[in-house]
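To start, the structure under review is shown below, and the notes come after it.
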Amino acid sequence: MRLSRFFLPILRETPKEAEIASHRLMLRAGMIRQEAAGIYAWLPLGFRVLKKIEQIVREEQDRAGAVELLMPTLQLADLWRESGRYDAYGPEMLRIKDRHERELLYGPTNEEMITEIFRASIRSYRDLPKNLYHIQWKFRDEQRPRFGVMRGREFLMKDAYSFDVDETGARLSYNRMFVAYLRTFARMGLKAIPMRAETGPIGGDLSHEFLILAETGESGVFCDNEVLDLPVPGEDVDYDGDLSPIVRQWTSHYAATQDVHDEARFEREVPLERRLQTRGIEVGQIFYFGTKYSVPMNAVVSGPDGVEHTIHGGSYGVGVSRLVGAIIEAFHDENGIKWPEPVAPFQVVILNLKQGGSDTDPACEQLYAALTAQGIDTLYHDLDERPGAKFAAADLIGIPWQILVGPRGLAEGKIEVKRRSDGQRELMSPADALARFDA
Numbered sequence: 054m055r056l057s058r059f060f061l062p063i064l065r066e067t068p069k070e071a072e073i074a075s076h077r078l079m080l081r082a083g084m085i086r087q088e089a090a091g092i093y094a095w096l097p098l099g100f101r102v103l104k105k106i107e108q109i110v111r112e113e114q115d116r117a118g119a120v121e122l123l124m125p126t127l128q129l130a131d132l133w134r135e136s137g138r139y140d141a142y143g144p145e146m147l148r149i150k151d152r153h154e155r156e157l158l159y160g161p162t163n164e165e166m167i168t169e170i171f172r173a174s175i176r177s178y179r180d181l182p183k184n185l186y187h188i189q190w191k192f193r194d195e196q197r198p199r200f201g202v203m204r205g206r207e208f209l210m211k212d213a214y215s216f217d218v219d220e221t222g223a224r225l226s227y228n229r230m231f232v233a234y235l236r237t238f239a240r241m242g243l244k245a246i247p248m249r250a251e252t253g254p255i256g257g258d259l260s261h262e263f264l265i266l267a268e269t270g271e272s273g274v275f276c277d278n279e280v281l282d283l284p285v286p287g288e289d290v291d292y293d294g295d296l297s298p299i300v301r302q303w304t305s306h307y308a309a310t311q312d313v314h315d316e317a318r319f320e321r322e323v324p325l326e327r328r329l330q331t332r333g334i335e336v337g338q339i340f341y342f343g344t345k346y347s348v349p350m351n352a353v354v355s356g357p358d359g360v361e362h363t364i365h366g367g368s369y370g371v372g373v374s375r376l377v378g379a380i381i382e383a384f385h386d387e388n389g390i391k392w393p394e395p396v397a398p399f400q401v402v403i404l405n406l407k408q409g410g411s412d413t414d415p416a417c418e419q420l421y422a423a424l425t426a427q428g429i430d431t432l433y434h435d436l437d438e439r440p441g442a443k444f445a446a447a448d449l450i451g452i453p454w455q456i457l458v459g460p461r462g463l464a465e466g467k468i469e470v471k472r473r474s475d476g477q478r479e480l481m482s483p484a485d486a487l488a489r490f491d492a
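Heads up: the sequence shown runs through residues 54 to 492, numbered per our numbering.
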């Protein structure tokens, strides 16, 4: 993509309302634009990151055996009355009426709707287990939306829902999602720690939040720091096998959010030198809620004994849009964002340090054409700006690799390659640079 054709409205000044690094940088880097309190337009750079994150989430859900569908954003209030949650959910739910005075709501989550879909379609235990998911925009009318996409009112979420004939099967489904979440966040370059958590309005008696450690996080967290070094399962993990040893390894170490923290147990189980108390950003949460929805909504299947069984369920959420902010909180410096390569909007940015030069222009064009042909997502900064401005823009938007093409280096047959993550620079020939990025 040529920058001259791209839409990248970089801001020179930081908006006053931006309190944390991710909000400041997303606004300054032209990733988002606020349209109303807690509601943002995703501009091209931010949208590219959002889609990269969404695809990683999708691939890991598919790998774990979940099946994708898409449910509507508007839901009938009667479904929520059936489950008993319509009046209990609170003012965060946006309630509306259509022209026929039918009561609707803008879905904050989809337990009721997916249960209604399930009960209309599946009758026998032979059709279980099932795990259905979608990636969809949600709305929760936060009283104080803040921190940009970290606590917005409209957000993109992956929510999955498992259905099993009994608790034993439901806990196996829970373990699959537990492992899938470990892999999902690791693929984004994050160390996400599963922590015991409250179930809140979703319900149930078993839940883990996945948090990344950050001082700007909204949750206080307490954990054994040995959990930071635990191995994440590889892509060859057998989701049809016994995953309990993996889950046990991760949950045997103390790790809890402030809501369920037990100070006495923390001090008893964790040696002083391994106690870690900090803050974290929630990027996902999983729940086993048993028959909370299937009992009031009469979701049953015939069992192997010929008797009807009330199904056991779980739900599993990933904050896709929230992850964009969370990753920036984990990977930035005073100059801007430092994207991990799997989620970066582009892999390489070419900086032409003398736009219009008889040597630099052809060299940049050849590099751009070659990288594009190799399948490397490349942004070519072809605007007529001073080198300093191009350096600052490249650091701000955080593309993992920068290729600097200037007349002085070309005179010696060299270009400069800079790695954004650590600032390491290397002079090399254009051919060697192309070989480095050969997919």
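For each residue, glycine too, the CB sits at the ideal point set by N, CA and C.
Top-ranked residue by Cα proximity to residue i, from the options
i: residue 292; options: 225, 221 and 323; result: 225
i: residue 352; options: 366, 491, 358 and 341; result: 366
i: residue 322; options: 58, 284 and 278; result: 278
i: residue 511; options: 232, 459, 182 and 101; result: Since the first residue of the chain shown is 54 and the last is 492, residue 511 is not available in this structure.
i: residue 68; options: 110, 78, 61 and 337; result: 78
i: residue 161; options: 123, 212 and 183; result: 212
i: residue 188; options: 111, 173 and 57; result: 111
i: residue 61; options: 177, 82, 185 and 103; result: 82
i: residue 127; options: 424, 54, 474 and 151; result: 151
i: residue 398; options: 412, 438 and 432; result: 432
Residues of its chain near residue i, where Cβ-Cβ distance is below 7 Å and the 5 sequence neighbours each way are ignored
i: residue 491; result: 427
i: residue 314; result: 275
C-alpha distance - residue i paired with residue j, whole-angstrom precision
i: residue 346; j: residue 325; result: 42 Å
i: residue 342; j: residue 305; result: 22 Å
i: residue 125; j: residue 335; result: 25 Å
i: residue 220; j: residue 290; result: 23 Å
i: residue 48; j: residue 359; result: With the chain represented from 54 up to 492, any question about residue 48 goes unanswered, as that position is not in the structure.
i: residue 414; j: residue 408; result: 6 Å
i: residue 329; j: residue 307; result: 10 Å
i: residue 441; j: residue 456; result: 14 Å
i: residue 459; j: residue 465; result: 10 Å
i: residue 264; j: residue 463; result: 47 Å
i: residue 129; j: residue 282; result: 46 Å
i: residue 388; j: residue 100; result: 21 Å
i: residue 287; j: residue 303; result: 15 Å
i: residue 299; j: residue 238; result: 16 Å
i: residue 262; j: residue 228; result: 14 Å
i: residue 370; j: residue 163; result: 11 Å
i: residue 235; j: residue 74; result: 25 Å
i: residue 156; j: residue 106; result: 34 Å
i: residue 142; j: residue 115; result: 31 Å
Secondary structure of residue i, DSSP reduced to three states
i: residue 113; result: helix
i: residue 106; result: helix
i: residue 316; result: helix
i: residue 100; result: helix
i: residue 201; result: helix
Nonlocal neighbours in the same chain, by C-beta distance under 6 Å from residue i, ignoring five residues either side
i: residue 209; result: 190, 373 and 374
Cβ shell of residue i (< 8 Å), same chain only, five flanking positions each side left out
i: residue 332; result: 266, 267, 268, 269, 270, 271, 272, 273 and 274
Segment contact flag, the stretch 424-441 with the stretch 124-134, C-beta cutoff 8 Å, min 3 pairs
Output reads no: the stretch 124-134 does not touch the stretch 424-441.
Any chance the stretch 265-277 sits against the stretch 237-252, with 3 or more Cβ pairs inside 8 Å?
Contact between the stretch 265-277 and the stretch 237-252 is present, because at least three Cβ pairs lie under 8 Å.
Quick test of the definition: if touching needs 3 or more C-beta pairs under 8 Å, does the stretch 156-172 touch the stretch 210-219?
As far as the Cβ criterion goes, the stretch 156-172 touches the stretch 210-219, which means the pair count is three or higher.
Would you call the stretch 440-455 and the stretch 389-400 touching, i.e. three or more CB-CB distances under 8 Å?
Touching, per the Cβ criterion.
Report yes or no: do three or more beta-carbon pairs, one from the stretch 373-383 and one from the stretch 398-406, lie closer than 8 Å?
The stretch 398-406 and the stretch 373-383 do not touch, with fewer than three beta-carbon pairs separated by less than 8 Å.
Whether or not the stretch 189-205 and the stretch 84-103 are in contact is what I'm after, with contact meaning three or more pairs of Cβ atoms, one per stretch, closer than 8 Å; do they touch?
The stretch 84-103, when compared against the stretch 189-205, does touch it at the 8 Å Cβ threshold.
Three-pair Cβ contact test at 8 Å for the stretch 144-153 versus the stretch 185-194:
Contact holds between the stretch 144-153 and the stretch 185-194, because three or more Cβ pairs, one in each stretch, are under 8 Å apart.
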